[in-house]
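Remarks on the structure that follows.
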Amino acid sequence: MSGHSTYEPKSGFERWLDTRLPILRFANDTIVTFPTPKNLNYWYTFGGVLALMLGVQIVTGIILAMHYVPHVDMAFASVQRIKRDVNYGWLIQGLHANGASMFFLAVYLHMFRGLYYGSYKAPREVLWILGCVIYLLMIGTAFFGYVLPWGQMSFHGAVVITNLIGAIPMVGPSITTWLWGGFAVDDATLNRFFSLHYLLPFMIAGVVGLHIWALHVPGNSNPTGVNVSSAQDTVPFHPYYTVKDGFAISVFLLLYAAFVFYMPDALGDAANYVQANPLVTPAHIVPEWYLLPFYAILRAVPNKLMGVILMFGAIATLFVLPWLDTSKVRSMRYRPTARLYFLIFVLACIVLGFCGAHAPDDLVIPGVSGLQVGDANLNSFVWLSRIGALYYFAYFWVITPALGLFETPLPVPESISEPVLSHSAMTPAGAVASPEKRG
Amino acid sequence: MADTVVGATADLHVPGSSPVDGDDPNRRDFIHIAAGVAALGLVGGLAWPFIDQMNPAGDTLALASIEFDLGKVEAGQQVVVKWRGKPLFVRNRTPKEIQEAIKADGSDLRDPATDESRHKPGKAQWLILVGTCTHLGCVPTFGGGDYGGWFCPCHGSVYDTSGRIRKGPAPKNLEVPDYAFLSDTKVKIG
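Shown next as structure tokens:
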């Protein structure tokens, strides 16, 4: 799918430029004529949404950096000043803070899409790994960014996460001190986190470039998981997917706007409206919603080092997924058994998020106390997160490798067009089977 | 767009004769233009907040006026205060300086203004000026130059005892800010 070019310079200037810097040819081949499977559904629009969100976060972030002061005595007040005094600061700060949540919402849907349709399988392993790198960078960026408003949650979140590094035997404490630039999270830490928070999004943008490059070598996967076999299977990216992505982006922006304009603080934590105080920890420390599942995995283990290993292992697992999946069938559309385990996996992720938001010893079902087994109360969130974490790892390391060997998939269509054409008796009169042939 | 219509132009369309709705170029053009306008409206609507955020913020504007007690300034003395981030010259002029300034009213000034127009009525000794050269914003020093007023060290502009430009590259007189006497010895600037 790559390597071809149908670009024809239309004017003298375009011809002149094309022999010197074929940037218009590149743009044309990438976002105009790029042959895209004709059966992509709305789950495939989140790539476009994510590109937009990265742009929104970078633009609003650069603006916020014009007004923000990275100093322990002034950071909290400077964010309040942005919200109250800077012209439209309430809007720009609201777009940025809620934008992080929307960014993660979109990335999770994008990742679940990839898991369901087997988008990580050969020849798209590198594409998938680059996506995992982007996700890791996003987590880092979100963490550094959350520290900057210097509220109670910012500060103590930073303390807890940097102390995780201390779990590493021998060198852990030295690395933690190095990260802090002092004896605790303080001014030096805030300054370097601000610097890194500014840097990482540009690294994300760079890896996104590689991600799209790696996408455009084999081309998009598609809901059938069947390779594109002829030009009949594809449509040009523009206008088919520019319009489809555009519509999805519009709907996504409605949700985003609902948060920004009607409940700008709904996704944040009230404790972050109290200025950081190193002398008092809030009663209940939680990360933002998008990191809760990993936080639940961390707390599921009663050993500091093991908790840290499992938490990072949960993300590291994603990197090796292409080699854990033994199934030859890409799409779970034709894998009913795998589909069932996948849906349980999605549920497990949501349950883990739910667990991460509650104190470990709280009861899952209030008032029920009959689930005591020895010292363990199976009705507590810590036990629910253990079950969830167990399923999370089992799904990747046991179920996925085993399913490919033992399940019986449904018959896979010969081509992308086949399932569409077999329904042609139902298509209304006058509709054209190959819309790309019109005009 | 229009190339999907075979053998017909928009003019030939009679209401009700369009074979397939999607083939009517007017409808397609309308959708394209409406989508384009909506996208432009969104970008334009967002552009203003992103530009306006660089204008002075609410708290900056709230601190934009100051009060100053003139009682501290002796005759012949100049006090420099910071106002809106810039120096402000508050000068208690001697009768000699005032005389010189009035005498120069009739001469060939680059930025004509009478001395009377540069102070409040009946308060000729109090000259309040924004202390930045109207050339490129340096701070002139008092006592230099040939006119008994200010001299700008950057590019040699010379102002007289009324703060009017007399020589050098600056185009305008030193600016007189908006101010008002709250009492005989107190002024509010800005």
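Respectively, the protein sequence lines represent chains A and B. Numbering of the first sequence is given in our numbering, commencing with residue 36 and proceeding in unit increments. Numbering of the second sequence is given in our numbering, commencing with residue 654 and proceeding in unit increments. Glycine included, C-beta positions come from ideal geometry on N, C-alpha and C.
Cβ pair count under 8 Å reaching 3, the segment 352-360 of chain A against the segment 246-262 of chain A: no
Alpha helix (DSSP H) segment containing A:Phe218, residue limits: Neither: A:Phe218 is in no alpha helix (DSSP H) and is coded neither H nor E.
Three-state class that DSSP yields for A:Ser450 in the structure shown: coil
A:Ala305, DSSP secondary structure in three states: Looking at A:Ala305 - three-state DSSP - the assignment turns out to be helix.
Proximal chain A residues relative to B:Pro702, where beta-carbon distance stays under 7 Å: Here the neighbours are Tyr123, Leu126 and Ile127.
Neighbourhood of A:Val386 by C-beta distance below 6 Å, restricted to the same chain and skipping five residues each side: Gly423
Distance between B:Val743 and B:Gln731 (C-alpha atoms, nearest Å): 6 Å
Residue from A:Leu52, A:Thr41 and A:Arg50 with nearest C-alpha to A:Ile29: For chain A, the structure presents residues 36 to 474; residue 29 of chain A sits outside this window and is missing.
Counted within 10 angstroms of its Cβ, other Cβ atoms place B:Lys735 as buried (16 or more) or exposed: exposed
Separation of A:His145 from A:Leu172, as counted between CA atoms: 16 Å
Residues that DSSP places opposite A:Pro70 in a beta bridge: A:Pro271
Minimum Cβ-Cβ distance from B:Ala710 to chain A less than 7 Å: yes
Cβ-Cβ distance between A:Gly391 and A:Ala301 below 7 Å: no
Sequence-distant residues of the same chain with beta carbon closer than 7 Å to A:Ala219, five excluded per side: Pro313
Contained beta strand (DSSP E) runs [length at least 3] in the segment 745-826 of chain B, N- to C-terminal order: 779-783, 801-804, 811-813 and 818-820
Inter-residue Cα distance where the pair is A:Met367 and A:Gln267: 23 Å
8 Å contact criterion, which A:Ala383 and A:Glu442 should meet: CB distance rounded: Actually they are not in contact, since the Cβ atoms of A:Ala383 and A:Glu442 sit about 19 Å apart, beyond 8 Å.
Contact belief for B:Leu762 with B:Arg817 at Cβ below 8 Å, rounded distance in angstroms: 6 Å
Chain-ordered residues of the segment 45-72 of chain A with a beta carbon less than 9 Å from chain B: none
Neighbourhood of A:Val295 by C-beta, 6 Å cutoff - its chain only, sequence neighbours within 5 removed: Gly129, Leu130 and Asn133
Contact set for B:Tyr832: own chain, Cβ-Cβ below 6 Å, skip 5 residues either direction: Ile781, Val840 and Ile842
Bounding residues of the beta strand (DSSP E) (the contiguous stretch that carries B:Trp736): DSSP places B:Trp736 inside the beta strand (DSSP E), whose first and last residues are Gln731 to Trp736.
Interface flag, B:Asp831 vs chain A, CB-CB below 7 Å: no
Below-7 Å beta-carbon distance, B:Asp764 vs any chain A residue: no
Proximity to A:Leu440 [Cα-Cα], best of A:Ala293, A:Arg370 and A:Phe237: A:Arg370
Among B:Val690, B:Ser836, B:Phe804 and B:Pro748, the one whose alpha carbon lies nearest that of B:Gly821: B:Phe804
Integer Cβ distance of A:Tyr103 from B:Gln706, believed to fall under 8 Å: That pair is no contact at about 12 Å.
CA-to-CA distance, A:Leu56 to A:Gly47, given in whole angstroms: Straight-line spacing of the CA atoms in A:Gly47 and A:Leu56 works out to 14 Å.
Chain-ordered neighbours of A:Asp120 on chain B, where CB pairs are closer than 7 Å: Simply Ala710, Gly711 and Asp712.
Continuous beta strand (DSSP E) stretch holding B:Asp722: start and end: Ile719 to Asp722
Below-7 Å beta-carbon distance, A:Ile93 vs any chain B residue: no
A:Leu234 beta carbon near the ligand ADP (any heavy atom closer than 6 Å): For the ligand ADP, the structure offers nothing, since it holds no ligand at all.
CB contact below 7 Å: A:Ile98 versus chain B: yes
Rounded straight-line distance, which links the Cα of A:Ala429 to that of A:Met341: 17 Å
Nearest-angstrom Cα separation, counted from A:Leu126 out to A:Gly244: Just so you know, the alpha carbons of A:Gly244 and A:Leu126 end up roughly 29 Å apart.
Status (buried if at least 16 other CB within 10 Å, exposed otherwise) for A:Asp396: exposed
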